[in-house]
Every structure is written in C-alpha cells, then in structure tokens.
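In what follows, a single structure is set out as structure tokens and then discussed.
4 protein chains.
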Amino acid sequence: MPQAIEPKRKKATSAEKKRMILDAAKRVFEEEGLEGSSLRSIAAEAGYTPAALYFHFSSREEIYAELLSQSLHQLKDYIDQRVRKRETAGERFEEAAWSFFDFYNKNPEDLSLGLYLFRGGIEPQGVGRERNQKLNQELYDCLAPIAEAAEELGADKHLGQNLMARIFAHSTGILLLAHTKRIRLFEQDPEQMMRDYIEEQIKEQNWN
Amino acid sequence: MPQAIEPKRKKATSAEKKRMILDAAKRVFEEEGLEGSSLRSIAAEAGYTPAALYFHFSSREEIYAELLSQSLHQLKDYIDQRVRKRETAGERFEEAAWSFFDFYNKNPEDLSLGLYLFRGGIEPQGVGRERNQKLNQELYDCLAPIAEAAEELGADKHLGQNLMARIFAHSTGILLLAHTKRIRLFEQDPEQMMRDYIEEQIKEQNWN
Amino acid sequence: MPQAIEPKRKKATSAEKKRMILDAAKRVFEEEGLEGSSLRSIAAEAGYTPAALYFHFSSREEIYAELLSQSLHQLKDYIDQRVRKRETAGERFEEAAWSFFDFYNKNPEDLSLGLYLFRGGIEPQGVGRERNQKLNQELYDCLAPIAEAAEELGADKHLGQNLMARIFAHSTGILLLAHTKRIRLFEQDPEQMMRDYIEEQIKEQNWN
Amino acid sequence: MPQAIEPKRKKATSAEKKRMILDAAKRVFEEEGLEGSSLRSIAAEAGYTPAALYFHFSSREEIYAELLSQSLHQLKDYIDQRVRKRETAGERFEEAAWSFFDFYNKNPEDLSLGLYLFRGGIEPQGVGRERNQKLNQELYDCLAPIAEAAEELGADKHLGQNLMARIFAHSTGILLLAHTKRIRLFEQDPEQMMRDYIEEQIKEQNWN
DNA sequence: TATGAATGAGTATTCATTCAT
DNA sequence: TATGAATGAATACTCATTCAT
Numbered sequence: 001m002p003q004a005i006e007p008k009r010k011k012a013t014s015a016e017k018k019r020m021i022l023d024a025a026k027r028v029f030e031e032e033g034l035e036g037s038s039l040r041s042i043a044a045e046a047g048y049t050p051a052a053l054y055f056h057f058s059s060r061e062e063i064y065a066e067l068l069s070q071s072l073h074q075l076k077d078y079i080d081q082r083v084r085k086r087e088t089a090g091e092r093f094e095e096a097a098w099s100f101f102d103f104y105n106k107n108p109e110d111l112s113l114g115l116y117l118f119r120g121g122i123e124p125q126g127v128g129r130e131r132n133q134k135l136n137q138e139l140y141d142c143l144a145p146i147a148e149a150a151e152e153l154g155a156d157k158h159l160g161q162n163l164m165a166r167i168f169a170h171s172t173g174i175l176l177l178a179h180t181k182r183i184r185l186f187e188q189d190p191e192q193m194m195r196d197y198i199e200e201q202i203k204e205q206n207w208n
Numbered sequence: 209m210p211q212a213i214e215p216k217r218k219k220a221t222s223a224e225k226k227r228m229i230l231d232a233a234k235r236v237f238e239e240e241g242l243e244g245s246s247l248r249s250i251a252a253e254a255g256y257t258p259a260a261l262y263f264h265f266s267s268r269e270e271i272y273a274e275l276l277s278q279s280l281h282q283l284k285d286y287i288d289q290r291v292r293k294r295e296t297a298g299e300r301f302e303e304a305a306w307s308f309f310d311f312y313n314k315n316p317e318d319l320s321l322g323l324y325l326f327r328g329g330i331e332p333q334g335v336g337r338e339r340n341q342k343l344n345q346e347l348y349d350c351l352a353p354i355a356e357a358a359e360e361l362g363a364d365k366h367l368g369q370n371l372m373a374r375i376f377a378h379s380t381g382i383l384l385l386a387h388t389k390r391i392r393l394f395e396q397d398p399e400q401m402m403r404d405y406i407e408e409q410i411k412e413q414n415w416n
Numbered sequence: 417m418p419q420a421i422e423p424k425r426k427k428a429t430s431a432e433k434k435r436m437i438l439d440a441a442k443r444v445f446e447e448e449g450l451e452g453s454s455l456r457s458i459a460a461e462a463g464y465t466p467a468a469l470y471f472h473f474s475s476r477e478e479i480y481a482e483l484l485s486q487s488l489h490q491l492k493d494y495i496d497q498r499v500r501k502r503e504t505a506g507e508r509f510e511e512a513a514w515s516f517f518d519f520y521n522k523n524p525e526d527l528s529l530g531l532y533l534f535r536g537g538i539e540p541q542g543v544g545r546e547r548n549q550k551l552n553q554e555l556y557d558c559l560a561p562i563a564e565a566a567e568e569l570g571a572d573k574h575l576g577q578n579l580m581a582r583i584f585a586h587s588t589g590i591l592l593l594a595h596t597k598r599i600r601l602f603e604q605d606p607e608q609m610m611r612d613y614i615e616e617q618i619k620e621q622n623w624n
Numbered sequence: 625m626p627q628a629i630e631p632k633r634k635k636a637t638s639a640e641k642k643r644m645i646l647d648a649a650k651r652v653f654e655e656e657g658l659e660g661s662s663l664r665s666i667a668a669e670a671g672y673t674p675a676a677l678y679f680h681f682s683s684r685e686e687i688y689a690e691l692l693s694q695s696l697h698q699l700k701d702y703i704d705q706r707v708r709k710r711e712t713a714g715e716r717f718e719e720a721a722w723s724f725f726d727f728y729n730k731n732p733e734d735l736s737l738g739l740y741l742f743r744g745g746i747e748p749q750g751v752g753r754e755r756n757q758k759l760n761q762e763l764y765d766c767l768a769p770i771a772e773a774a775e776e777l778g779a780d781k782h783l784g785q786n787l788m789a790r791i792f793a794h795s796t797g798i799l800l801l802a803h804t805k806r807i808r809l810f811e812q813d814p815e816q817m818m819r820d821y822i823e824e825q826i827k828e829q830n831w832n
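Chains as they are written, first to last, in this note's numbering: chain A, 1 to 208; chain B, 209 to 416; chain C, 417 to 624; chain D, 625 to 832.
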C-alpha cells in the first residue's frame, strides 16, 4: 500500500517543484521584466542551478510557454467562475468583459506575461509554432464567454467575435496605459474607463 | 579659411550622421525586431564601428529614445497636416483619431518602436526619468488635436482628455491585435473596427 | 526457491545487459562519431538513464575501454579463423596481414574505436595505465600471427616484430586515408595499395 | 612620415597578436590534446579573455583551421628547402619522403594538429567544407615533391601519386605508433623503419 | 538494479561599453 | 571623429558524475 502511494507522491512533488520554478519565473518576470528573466535568473530565484531546470523543462522557451499557459488558465477560471454566477445573459456579458479586464488589472505580472505574446516582429517569436497556436486557442477560450452571452442576446456569430475583439482591444489598451502609469497623462481612472466602455457596448446593442 | 568653415560643416554633418545612424537603427528594428537590434547591428548597418556610435549617442538607450522621439515627431506631423485640412471641428476630431491609428497601421516599425515605451516592468524602464517625461509629452502632443477638436465641439477639459485616452487605448489594442496577426482569431478587419469605434464616439457625443 | 535462482539469473542478465550497453555504445559511435558519443547518448540508445550505466561501468572511459577490448577480440577472432584455414606459412603470413587490414576496412566503426587509442597527447590518455597495457597486449595478440608465420618462414624474432610493426603502420596509414576519404586526392584504391604492400614484403623476404 | 609608418606598424602588431594566439593554441594542443583545447583554454594560455579572441578570429574553428594551415605551410617550407638542395632526382625523392616523416617526427605538436584532419566520422568534421578542401590541397602540395622527383625518374602520373599515397600512409602509420609510444611493443626504431621503407621503394623502382 | 533530481564545471558565442591611439 | 582591441558579464545549454530513494 505504501508502495501504491509512493509513485503518486513522487509525481506530486515533481509537479510541485515544477510549480515552484514557474512561480519563481513569474516573480522574476514581475520584478525584472522580460529582459531580466533569463534562465539563470529564474534558476537563482528558484534556488536552483541553471542545469537543474533542464530536468523539469526542456528549454527556456518551454518555461515561458508553460508560465503563459498557466496564466491563461487562471484567467479562464477567474472569468468562468464569475460568469457562471450571473443569471441573465446581459449580466453574463458584462461580467465576462469586466472580469477579463479586472484579472489583468489586479495581476499586473500576468499582464506582463500576456503581453509577451504580443512582442517581437510581425510574427510572435520565441515561442514555437504549435505552442503559439495552443496559446492562441487558450486566449480565445478566455474571451469566448463574451461571444456566448452576446449570442444568447441575439447577436450573430460575426458580431459575437467582433465584440470579443473590441473588448480585448479596449481592455488591453487601457491596461497598457495603466500598467505603465501613462494614464496619468490624461488624468483618467482606468477602471472607470473600462466600465464606461462596457456600458456603451450594451447601450449600443440595446441590451439593457 | 577652410578652417573657419570646418566647424560649421562639421556641425552640419554631425547632425546628418546622427540621422543616418538613426535611420540605420530604424532599418534594423524593422528587419530584426526589437530584440535583434543590438548596438552592434545598428553600427554595422550604419557602416560604423560600435565604438563610433558613442560619439553621437551616449548609450544604446539614447539611440532608442531619439529614434522614438523622431518617430513621435513624424506621427505628430502626419496628424497635424491632415487635421489642418479639415474644415469643421467634427471632421477634425474624426481625422485626428483616424490618422493616429492610420500612421501606426501603415508603419509597423514605428509601432514596435512606440510599444517600446510600454514594455518592461510596472515602471517604464530603460529610458531615463527626464527622457521619459519628454517622450510622454511628445505622445500627448500627438493626441492633443483630438482634445482640441472635442473642446471646439463643446467638450470640457476632462472629456477632452478622456477621449484622448479612449482613442489611444482602442487604437493601441487593435494595432496590437493586427500587428501580431492575432486579429485573425476573431476574423475581423482592423481598419473597419477602428472606423466603427470613431463613429460610435461621435454618435455618443451627438456630434454628427 | 525462486530466491535461490535469482542470483544466478541476475548474474546472467547482468552480463547480457553489459553487452547490450556496449552494443548501444557501438551504434552511437557509428552514427555520431566519437565526439558525439556522450554517456548520455549511449544511455539513451541503450534505453537507460545515464545514472544506470554506473552500475555496469565505473566511468565513461571504462565503457570505451571495454568496447575497444571487445572490438580487439573480434579482430583477433577474425584473423585467427582465417589464418587457421591456410596451409602454408606463406599463405598464413599473407592472410594475417590482409585480414588485419580487411577487418578495419570493412568495419569502420571499429577503426574509429581503434584509433581512439591513438589520440590525445604524446601519452595515450583517457584510459588508465593498466587498462592501457591490457589493450596494448590485445593489439599485439592480433598481430602475432604475422610474426608467427614469419618465424616459420625463417625470420628471427626481431624481423618478426619488425614485420608486425610495418604491416600495422602501413595498414593504419592506408585506412586513415581511406576512412577520411582523402585517398581520393591521390586517386588510389586502398585495397590494391594494401595488396601491393603485402606482395612487396613477401618478395623482399624471398618467401614466394 | 611617422603617419605613413603608423598603419603599417599597427598591421604588424595585429598580425603579431594573431600569431601569438596561434602559438598559444599550439601549446595548448600540445599539452592538453585536442579535447582540452577549448577557446577558453587557448585564451587563457594567450593571456586573453575569451571574448578578445573574436577580434582576431571569427570562431573557434577558424583558429583550428589557421593553425593547421600554418603548420602545413611550415611543413611545406621544411620539405621544399631540403629538397631544393639535392642535385639528383633520386636524392630529391629520398629527401622529399624523409623530410615529410622527419618534420612530424621532430614536431609532435604538428602531428597532433595534422591528425586533427583525420578524426571524426567518415567525413572530416569540425572544419567547414571549403576550408577542408583548402587544407587537402595544402597537404597535397607538401607531398607533391615526391611525385615530381618520381616523374623525373621516369614514373608516370599514376605511379607518382601512388608513391605519394604510399609514403604518406607509411609515415603516418609509423608516426602514430611512435607518437603514442606503442612502437615499444614491437621494439622497433621509427626512424630506421622509415629509412628502410624509403630504401625499399627506391630499390623496387630500380632507381638506385 | 534503476531512477530522478541535482551539481559544478564546462561549451561557444554575444553584448554594451571603455580606452588608447 | 573614428577605430581596433579589450573587458567582464551575460547568454542558453551540455556534460560526467553523485546521491537519496
């Protein structure tokens, strides 16, 4: 019986260590920005030798990809949990849009991480092709509740997707301003701006 | 006599050389992305030794900052010229908003450059404090025509600034999506999205 | 009862496993060259963890040494079998010389292995002192049939050894040229060269 | 006038430094064998930072290639000078063959270097394709005096090349034995062996 | 007997920057 | 104003080996 448990335990601690490394990576990301987050610095933060990380991840990029994937899953959970509690489609639409913004507003380290996808040249780089597609899909899934609610409210597929894109764009723009504190230039409150935008969309579609 | 002319000439060519280096830097930016643009590669592209650049710029960051500054000036010129041609305040508002988006949409290398300001940790880093403020001001100046037109149309100062921030945010968000080709996920046309947003703002303020 | 059998079995499988590891090592040698053959790659090819190999061999060098030893035994068997079939001493001399060359010519991976002994600085390195002497003896044993046949034909001990050395040297030189394809430079056929050399020796000693 | 000299001097010292690095590399080769001769170790031996070597050579392989090329040129000079002094074609043949052997026999570090060409898998590796061809040609040039003398003595082209290959092979084989001290196994004197071989060739061709 | 995790030393190469000339 | 040479710190990644389990 102990033998039956042992392997499970080992797996558990292995996963735990992986998680600890990812957490360390996230901290480095947060504190030093993307440039400072080398494999070395992540290893140091995690209390490991650089070489040790290769037992848990096959390359530096894999760490980034897993970190990002984990972040997107947390975002998805955050949104799903909140949307589920809402009763009407209108409320769900509002909640889906707001919580996307809210998650990143409250977790700036995840924002840095998320924006990693939006760096580099025309094509996102530093993450392999298939990995990139997977991440794209995960991002799409986070925003899907927006389209779902919209469709319940009578929107067609194209409008649903349009609303996903709009809300993503507006959120991201505001977060970028807020995150870099440049929003002060305009003496605006990011949360208020986002609320206004969502309300505007609802009014525009005559959903209230 | 030649010696009397020399200093003037030198000053003239000095500015020219500086410009040539910046142009080279922009080309490198364009071709290799921000990450690939080392001081070395800029020097090579400009036909110089890395060490030579230090006669024109005090650090790699200064090159980036000046490049960005130059880009913001070009943006400002682009917007001003187009806004000036419009007769009514309503048209000027529309033009100011559209041409901000349009400039970056057509010049993706300037977008990469502009987003450089929005990287790093919470605080914009890699650019010194006073330089950062100067760049902030230059960005503000580019968007100012939006507020000016809005105020002509009856908006108060706060609303003017709010519109600057909104349009900046929405443009940036769309450009980010378009620039990284992730907009395909949502099957949307970035230009159409931006046009719709501007129209929405005008309708919302009852300016049409 | 099963426990009583176990030790015997284990011993048997232990030798088998050792052999399997050596075979894997040889394959790696063959495919990736000597430089590419790390302990890791050998372990992977053998279906083991690197650490597991340390139960069978005390170091990476020991694997090389045993592999080499095994190769020299195969060479010895190859030569002995063929020499035994020859009836006259003259034929045996010819066969001993030719089959030494022939074995390596047909088994280039064994040649790489054999040349491993002839690398490093002035002193053969990477193989311990006593191991080196053992390998020397094994090499000597492979060439011994040459001297034996020569002595039967009337050569004294010194001439016998001289012929061993000559034939070893000439074979090795030709194989080196052939193995690295540099023999093309001289537009020669390695097998013909070796045959000529052996014939020359026989003529020189007036053994035909 | 001093200005006219300056650039020359600089070039000279630059070449000198290059040479000093190559000398250091040769020493490392000699002392630590090929495996020990990393860029780091060469730099250390030369009294430089690893990075500094990149001002003089574009890669580690270039250092190896230049070292090898330099060694082959020295070999060629050694042979040419000695052959030139001989009056009859017969003497030139003998000298060309002997001095090839003699050079490597007296300069074991050059032998290690030369054997570098004969390592790796079937195809020589670690040196680029065109570099490899150049080195091949240089090796051929070193041996060319053998064929030239042979042709003067009436050999056709094929026989000339055959003699080059034979002498190369025999020399190399003996050197390998001597270099690794395995020649002791056979209680032979390498120089005598080589002399005997050359004499044999001359007798065989009836050139004496 | 075997593994997974870890280390420490090592690999070549790149970087921004400095400095004597 | 410009260069060539140099540095020191950094980059990701590999290696043989060890050890607790």
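Positions of the beta carbon are idealized from the N, C-alpha and C atoms, including for glycine.
Check, Outcome
"Proximity winner among A/A43, A/L53, A/L177 and A/T49, relative to A/S14 (alpha-carbon distances)", "A/L53"
"Closest residue to C/G589 among D/A802, D/H803 and D/R790 (Cα-Cα distance)", "D/R790"
"Check whether C/Q486 and C/L438 have beta carbons under 8 angstroms apart", "yes"
"Residues of the stretch 379-392 of chain B whose Cβ lies closer than 8 angstroms to any Cβ of chain A, in chain order", "S379, T380, G381, I382, L384, L385, H387, T388, K389, R390 and I391"
"Among D/F727, D/K641 and D/N756, nearest to D/F679 - alpha-carbon criterion", "D/K641"
"Spatial neighbours of A/I122 in its chain, beta-carbon cut-off 7 angstroms, leaving aside the 5 residues before and after", "In this prediction, A/I122 has a pLDDT of 33, which is less than 50 and means its spatial position is unreliable; nothing more can be read from the coordinates."
"Residue from A/L115, A/H158 and A/P145 with nearest C-alpha to A/Q81", "A/P145"
"Contacting residues, own chain, Cβ-Cβ under 8 angstroms from C/W514 (five flanking each side not counted)", "M610, R611 and I614"
"Inter-residue Cα distance where the pair is A/E200 and A/E152", "19 angstroms"
"Helix, strand or coil at B/D318 according to DSSP, with G and I counted as helix", "helix"
"Closer than 9 angstroms at the beta carbon, the chain C residues around D/R708", "The premise fails here: D/R708 is roughly 23 angstroms from chain C at the closest Cβ pair, so nothing lies under 9 angstroms."
"Within 8 angstroms, strictly: CB atoms of B/K293 and B/D349", "no"
"Top-ranked residue by Cα proximity to A/A89, from A/A178, A/A155, A/S171 and A/H170", "A/A155"
"Any alpha helix (DSSP H) of 4 or more consecutive residues that is wholly inside the stretch 221-272 of chain B", "247-254 and 258-261"
"Local Cβ density within 10 Å of B/Q369, reported as buried at 16 or more and exposed below that", "buried"
"Supposed contact pair B/R235 and B/E253 - C-beta distance, whole angstroms, cut 8 angstroms", "6 angstroms"
"Residues near C/R425 by beta carbon distance below 8 angstroms, same chain, minus five either side", "Bear in mind that the predicted position of C/R425 carries a pLDDT of just 48, short of 50, making it too unreliable to give a figure here."
"Assigned secondary structure, A/L117 (DSSP; H/G/I helix, E/B strand, else coil)", "coil"
"Collapsed DSSP secondary structure at B/E295 in the structure displayed", "coil"
"Burial state of A/R40, where buried means 16 or more other Cβ atoms lie within 10 Å", "exposed"
"Listed by chain order, chain C residues near D/Y764 by CB distance under 7 angstroms", "L601"
"Proximal residues of chain A, C-beta to C-beta of B/N416 below 8 angstroms", "None at all; the shortest Cβ gap to chain A is about 15 angstroms."
"Contact check, D/N773 vs D/A720, beta carbons under 8 angstroms", "Checking the displayed sequence, the identity of residue 773 of chain D turns out to be Ala instead of Asn. Yes."
"C/A594 and C/N521 closer than 8 angstroms at C-beta", "yes"
"For A/E31, the nearest candidate out of A/L72, A/E62, A/I63 and A/E109 (CA to CA)", "A/E109"
"8 angstroms Cβ cut-off: residues of chain A touching B/E408", "E200 and E204"
"heavy atom of the ligand PLP below 7 angstroms from C/A431 C-beta", "Ligands in the displayed structure: none, and consequently the ligand PLP is not present."
"Nearest neighbour of C/I618, chosen from C/K550, C/L527 and C/R508 [CA to CA]", "C/R508"
"Secondary structure of B/D288, DSSP reduced to three states", "helix"
"Within-8 angstroms CB hit, B/A363 to chain A", "no"
"Unbroken alpha helix (DSSP H) run spanning D/D820, endpoints", "P814 to E828"
"Cβ of A/Q133 within 8 angstroms of any chain B Cβ", "no"
"Under 8 angstroms between C-beta atoms of D/L696 and D/L763", "yes"
"Residue from C/L533, C/L575, C/G452 and C/E477 whose Cα sits closest to the Cα of D/Q816", "C/L575"
"Close Cβ partners of B/H378 (< 6 angstroms) along its chain, the five nearest in sequence each way excluded", "Y405"
"Whole-Å CB distance - C/F534 paired with D/L658, under 8 angstroms assumed", "At roughly 12 angstroms, the Cβ-Cβ gap does not stay under 8 angstroms, so C/F534 and D/L658 are not in contact."
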